[in-house]
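Trainee: Submitted below is the structure of interest, expressed as structure tokens.
Number of protein chains: 2
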Amino acid sequence: MAELPSWRDTPTRRAIVDFVERVTSGAAAVPPEERIAVFDNDGTLWTEKPLPIQADFILRRLHEMADQDPSLREKQPWKAAYERDYAWLGKVMEDHYRGDDTNVRTLLGGVLAAHGGISVDDFERQADSFLRSAKHPTLGRGYIDCAYAPMVELLRHLEANSFSNYIASGGGRDFMRPISEEIYGIRRDRVIGSSTALDYVADEGGGTIIRKPEADVLDDGPAKPIRIWSRIGRRPLIAAGNSNGDLPMLHFAGAPARPGLRLLVLHDDADREFDYIGGAEAALETARAEGWTVISVKNDWATVFAEPK
Amino acid sequence: MAELPSWRDTPTRRAIVDFVERVTSGAAAVPPEERIAVFDNDGTLWTEKPLPIQADFILRRLHEMADQDPSLREKQPWKAAYERDYAWLGKVMEDHYRGDDTNVRTLLGGVLAAHGGISVDDFERQADSFLRSAKHPTLGRGYIDCAYAPMVELLRHLEANSFSNYIASGGGRDFMRPISEEIYGIRRDRVIGSSTALDYVADEGGGTIIRKPEADVLDDGPAKPIRIWSRIGRRPLIAAGNSNGDLPMLHFAGAPARPGLRLLVLHDDADREFDYIGGAEAALETARAEGWTVISVKNDWATVFAEPK
Chain A
1 MAELPSWRDT PTRRAIVDFV ERVTSGAAAV PPEERIAVFD NDGTLWTEKP LPIQADFILR
61 RLHEMADQDP SLREKQPWKA AYERDYAWLG KVMEDHYRGD DTNVRTLLGG VLAAHGGISV
121 DDFERQADSF LRSAKHPTLG RGYIDCAYAP MVELLRHLEA NSFSNYIASG GGRDFMRPIS
181 EEIYGIRRDR VIGSSTALDY VADEGGGTII RKPEADVLDD GPAKPIRIWS RIGRRPLIAA
241 GNSNGDLPML HFAGAPARPG LRLLVLHDDA DREFDYIGGA EAALETARAE GWTVISVKND
301 WATVFAEPK
Chain B
1001 MAELPSWRDT PTRRAIVDFV ERVTSGAAAV PPEERIAVFD NDGTLWTEKP LPIQADFILR
1061 RLHEMADQDP SLREKQPWKA AYERDYAWLG KVMEDHYRGD DTNVRTLLGG VLAAHGGISV
1121 DDFERQADSF LRSAKHPTLG RGYIDCAYAP MVELLRHLEA NSFSNYIASG GGRDFMRPIS
1181 EEIYGIRRDR VIGSSTALDY VADEGGGTII RKPEADVLDD GPAKPIRIWS RIGRRPLIAA
1241 GNSNGDLPML HFAGAPARPG LRLLVLHDDA DREFDYIGGA EAALETARAE GWTVISVKND
1301 WATVFAEPK
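Sequences listed follow chains A and B, in order. Residue 1 is where the first sequence starts when you use this note's numbering, and the numbers rise one by one after that. Residue 1001 is where the second sequence starts when you use this note's numbering, and the numbers rise one by one after that.
Encoded structure:
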């Protein structure tokens, strides 16, 4: 098993290796330009607990804002950020996956204000610096080392088989771009994700692109296949996700007359990572009903995280 | 002059060749991943007169609709399409470039209705079939042979120098995608353009993406640098356009501390193509004031169109 060494020799691993073999050689081979694989990021390529990594980035900024302006401390989401009330924040995502976006909108107001009005270049510097310095609260490693080693190996295996890998994440596109190539080998132009509205401001030096404090697209649910089509112009052959918001993207992989591999990461390993199915109930149910490939962190992965560099 | 054989040996050609040499070798070399070149399509890579090629595609569909439903014949833009009133249609674009979008909105209503409600796959088949069969009204060639040979050579020259070429067009992204690789060697994932709103409709077979009869983004003016950033995540090194709507994109190419090549195609050759500056007045003025490279069809190009295949 030269390829995928962090995977145990299970039916899951064999399903993946066999699929790749089937679509790259023999009668069912798919032309290289159609070998598109799309990956959700949070909970699929890197850890998303106790909070998505970008949430920590935003919370630190909200904390800083509340530190500077005491009036913000009485107002959500600054209040939760200032009081480090992770329960409120965790509930926002759970509510979202259950279809209640009331608090998502409250949180979004803060998210947009946190980095609104700055240039995309300044935002990138802040994201890059955060990702390279901040530590995960419980896993004993920096965020930049929170990618799943087996998934990174899968990306390399696909690349070696002429696949083009894309990130199709609910997370912020411009948050992931500074590190996507280093962590995943996925170039910045292949990062699809949520975006804020942008403004082009002409100036003497070629103009500047500014983040407006307005939402643009939340790349989740049915927005995922739409964003994938818009960016790539093709239906993927492989899609990997871990939550209900990935369902449309998973369905979208593979047309009726063509094979398709749908991968769903199941977080069932409290010892090495986290054990949760909140926000993934419908996805797991569909995966079982449709015979999609469920990846058990506990059973299918020999190693979860690579040794930090 | 092995490269760019359809270009005459003029200062324009030398400016282009010298720039490419300067950013690919020696002290001012730019890393390959930053060698991004963006090209407007209509009037920059292929001809846009007497009407943009996509306009003919839409007009034929509007004519067909008015043919089936007589009540549409009294209503713009169906009226103009049915009566082949090219003057009305030409005026729409001229008004647009002068900043008056009243008729653009009228036209857009028809445009959206013309191909609304169909799947992106059906739209692609229609666009592909049109582009491979329809003829240009005066140039004596099919639309697929209306690309400028010198610009196609420039794309190849850039590619040979590790540039990544993108189309950043006001035209429809999904209209250009079926032929962009064949005509320009630009893959479908590198086509940026205007888009209509899309809907993801779940079904038994992987879901379908449907064109909604609603505008999404008109990729013109300040939207161009924003769309370029959103798609690529980088500031281009080279930008080429031909009209006022390309100005922000042209400005955006080249940061203060980095070289940038701005190319503006000037249509001044009534014998071999067309002679017009309508909609390009501000662009030409800026190009002269800023010292950008103006490409004269008449003087800089030895050949305008390749022999039809």
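Backbone N, C-alpha and C define an ideal beta-carbon position, used for all residues, glycine too.
#1: Using C-beta distances below 7 Å, list every residue in its chain close to GLU94 (chain A), excluding the 5 sequence neighbours before and after it, in chain order.
#2: Mind checking ASP18 (chain A): buried by the 16 CB within 10 Å criterion, or exposed?
#3: Closer than 7 Å, Cβ to Cβ, to anything on chain B: give me those residues from the region 204–231 of chain A, in chain order.
#4: Run down chain B in chain order and give the residues with a C-beta less than 7 Å from the C-beta of SER195 (chain A).
#5: Using a threshold of 8 Å, state whether the C-beta atoms of GLY110 (chain A) and LEU155 (chain A) are closer than that.
#6: Any chance the region 1159–1173 of chain B sits against the region 1026–1046 of chain B, with 3 or more Cβ pairs inside 8 Å?
#7: Under DSSP, the beta strand (DSSP E) around HIS267 (chain A) begins and ends at which residues?
#8: Quick one: which residues of the region 235–249 of chain A get their C-beta closer than 8 Å to a C-beta of chain B? List them in chain order.
#9: Can you say whether GLN1054 (chain B) is buried or exposed, counting buried as having 16 or more other CB atoms within 10 angstroms of its CB?
#10: Apart from the five residues just before and just after ALA1149 (chain B), which ones in its own chain have a Cβ nearer than 7 Å to its Cβ?
#11: Going by the CB atoms, is the gap between VAL1030 (chain B) and LEU1250 (chain B) shorter than 8 Å?
#12: Measuring CA to CA, which of A:GLY142, A:LEU45 and A:THR138 is closest to PHE130 (chain A)?
#13: Rounded to whole angstroms, how far is the Cβ of GLY1221 (chain B) from the Cβ of GLY1193 (chain B), which I believe are closer than 8 Å?
#14: Between ASN161 (chain A) and the rest of its own chain, which residues show a CB-CB distance below 6 Å, the 5 nearest in sequence each way excluded?
#15: Go to GLU290 (chain A), then tell me how far its alpha helix (DSSP H) extends in each direction, as first and last residue.
#16: Using a Cβ cut-off of 7 Å, pull out every chain B residue sitting near PHE252 (chain A), in sequence order please.
#17: Considering only residues of the region 1124–1171 of chain B, which uninterrupted alpha helix (DSSP H) runs meet the minimum length of 4 residues and lie entirely inside it, listed in chain order?
#18: Given a threshold of 16 other Cβ atoms within 10 Å of its Cβ, counted over all protein chains shown, does ASP100 (chain A) qualify as buried or as exposed?
#19: I'd like to know if VAL120 (chain A) contacts chain B, where contact means its C-beta is closer than 8 Å to some C-beta of that chain.
#20: With a cut-off of 8 Å on the beta carbons, I'd call SER1243 (chain B) and ALA1283 (chain B) a contact; round off their distance for me.
#21: Let me know if LYS224 (chain A) comes out buried or exposed under the rule of 16 or more other beta-carbons within 10 Å of its beta-carbon.
#22: According to the Cβ coordinates, are PHE1252 (chain B) and GLY206 (chain A) closer than 8 Å?
#23: Can you list, in chain order, the residues of the region 284–298 of chain A whose Cβ is nearer than 7 Å to any Cβ on chain B?
#24: Per DSSP, ALA1002 (chain B) is paired with what?
#25: Helix, strand or coil: which one does DSSP assign to PRO77 (chain A)?
#26: If we cut at 8 Å on Cβ distances, does ARG188 (chain A) have a partner in chain B?
#27: Does PRO1256 (chain B) get closer than 8 Å to chain A when you measure Cβ to Cβ?
#28: Take the Cβ of ALA270 (chain A) as the centre, count every other Cβ of all protein chains shown within 10 Å, and call the residue buried at 16 or more, exposed below.
#29: Are ALA1202 (chain B) and ALA1215 (chain B) closer than 8 Å when you measure CB to CB?
#30: List the whole-angstrom C-beta distance separating THR293 (chain A) from LEU263 (chain A), where the pair is believed to meet the contact cut-off of C-beta under 8 Å.
#31: Compare the beta carbon distance of GLY1117 (chain B) and ILE1058 (chain B) with 8 Å and say whether it is the shorter of the two.
#32: Where does GLU214 (chain A) fall in DSSP's three states?
#33: How many whole angstroms separate the CB atoms of THR1208 (chain B) and LEU1247 (chain B), which I take to be in contact at a CB cut-off of 8 Å?
#34: Exposed or buried, GLY1241 (chain B), counting other C-beta atoms within 10 Å across all chains shown (16 or more means buried)?
#35: Are GLY254 (chain A) and GLY245 (chain A) close, meaning C-beta to C-beta below 8 Å?
Mentor: Let's see:
#1: On the first sequence, position 94 is the one that residue 94 (chain A) refers to. So the list reads GLY278 and GLY279, once near-sequence residues are dropped.
#2: Counting from 1 along the first sequence, the entry for residue 18 (chain A) is found at position 18. So ASP18 (chain A) counts as exposed.
#3: GLY205, GLY206, GLY207, ILE209, PRO222, PRO225, ILE226, TRP229, SER230 and ARG231
#4: Counting from 1 along the first sequence, the entry for residue 195 (chain A) is found at position 195. SER1230, listed in chain order.
#5: Here residue 110 (chain A) corresponds to residue number 110 of the first sequence, with the count starting at 1. Here residue 155 (chain A) corresponds to residue number 155 of the first sequence, with the count starting at 1. Taking 8 Å as the Cβ cut-off, GLY110 (chain A) and LEU155 (chain A) do not qualify as a contacting pair.
#6: yes
#7: In the first sequence, residue 267 (chain A) corresponds to position 267, counting from 1. Looking at the DSSP string, the run of the beta strand (DSSP E) that includes HIS267 (chain A) is 261–268.
#8: ARG235 and PRO248
#9: Residue mapping note: residue 1054 (chain B) aligns to position 54 of the second sequence, counting from 1. By the neighbour-count rule (16 or more Cβ atoms within 10 Å), GLN1054 (chain B) is buried.
#10: The count along the second sequence starts at 1 and reaches residue 1149 (chain B) at position 149. Only SER1006, THR1303, VAL1304, PHE1305 and ALA1306 meet the Cβ criterion.
#11: On the second sequence, position 250 is the one that residue 1250 (chain B) refers to. On the second sequence, position 30 is the one that residue 1030 (chain B) refers to. No, the pair does not count as a contact, with Cβ atoms beyond the cut-off.
#12: Here residue 130 (chain A) refers to the residue found at position 130 of the first sequence. Considering only alpha carbons, the answer is A:GLY142.
#13: The sequence position of residue 1221 (chain B) within the second sequence is 221, counting from 1. The sequence position of residue 1193 (chain B) within the second sequence is 193, counting from 1. Not really, about 14 Å apart at Cβ, beyond 8 Å.
#14: To locate residue 161 (chain A), count along the first sequence from 1; it is residue 161. So the list reads VAL20 and THR24, once near-sequence residues are dropped.
#15: By one-based count along the first sequence, residue 290 (chain A) stands at place 290. Looking at the DSSP string, the run of the alpha helix (DSSP H) that includes GLU290 (chain A) is 281–290.
#16: Translated into the one-based positions of the first sequence, residue 252 (chain A) becomes position 252. Result: GLY1206 and GLY1207.
#17: 1149–1160
#18: The residue labelled residue 100 (chain A) in the question sits at position 100 within the first sequence. Exposed, by the Cβ-count rule.
#19: Residue numbering aside, residue 120 (chain A) sits at position 120 when the first sequence is read from its first letter. Taking Cβ atoms only, chain B reaches closer than 8 Å to VAL120 (chain A), which makes this a yes.
#20: Translated into the one-based positions of the second sequence, residue 1243 (chain B) becomes position 243. Translated into the one-based positions of the second sequence, residue 1283 (chain B) becomes position 283. Contact holds; Cβ gap of about 6 Å.
#21: Taking the first sequence and counting its residues from 1, the one referred to as residue 224 (chain A) is at position 224. That one is buried.
#22: As a working note, residue 1252 (chain B) is residue 252 in the second sequence. As a working note, residue 206 (chain A) is residue 206 in the first sequence. Yes. Within cutoff.
#23: none
#24: As a position in the second sequence, residue 1002 (chain B) is number 2, starting the count at 1. In DSSP, ALA1002 (chain B) forms no bridge with anything.
#25: Residue mapping note: residue 77 (chain A) aligns to position 77 of the first sequence, counting from 1. Looking at PRO77 (chain A) - three-state DSSP - the assignment turns out to be coil, as it is neither helix nor strand.
#26: Along the first sequence, read from residue 1 onward, the residue named residue 188 (chain A) stands at position 188. True, the Cβ-Cβ gap to chain B drops below 8 Å.
#27: Working through the second sequence from its first residue, we reach residue 1256 (chain B) at position 256. So, interface residue.
#28: In the first sequence, the residue the question calls residue 270 (chain A) occupies position 270. Its Cβ having fewer than 16 others within 10 Å, ALA270 (chain A) is exposed.
#29: Within the second sequence, residue 1202 (chain B) is the residue found at index 202, counting from 1. Within the second sequence, residue 1215 (chain B) is the residue found at index 215, counting from 1. Result no, Cβ atoms of ALA1202 (chain B) and ALA1215 (chain B) do not sit closer than 8 Å.
#30: Here residue 293 (chain A) refers to the residue found at position 293 of the first sequence. Here residue 263 (chain A) refers to the residue found at position 263 of the first sequence. THR293 (chain A) to LEU263 (chain A), Cβ: 5 Å. Contact.
#31: On the second sequence, position 117 is the one that residue 1117 (chain B) refers to. On the second sequence, position 58 is the one that residue 1058 (chain B) refers to. It is not a contact, given that the beta carbons lie outside the stated cut-off.
#32: Residue numbering aside, residue 214 (chain A) sits at position 214 when the first sequence is read from its first letter. Looking at GLU214 (chain A) - three-state DSSP - the assignment turns out to be strand.
#33: Walking along the second sequence from the start, residue 1208 (chain B) turns up at place 208. Walking along the second sequence from the start, residue 1247 (chain B) turns up at place 247. 38 Å between Cβ atoms; not a contact.
#34: Numbered from 1 along the second sequence, position 241 holds the residue referred to as residue 1241 (chain B). GLY1241 (chain B) is buried by the Cβ-count criterion.
#35: As a working mapping, residue 254 (chain A) is identified with position 254 in the first sequence. As a working mapping, residue 245 (chain A) is identified with position 245 in the first sequence. Result no, Cβ atoms of GLY254 (chain A) and GLY245 (chain A) do not sit closer than 8 Å.
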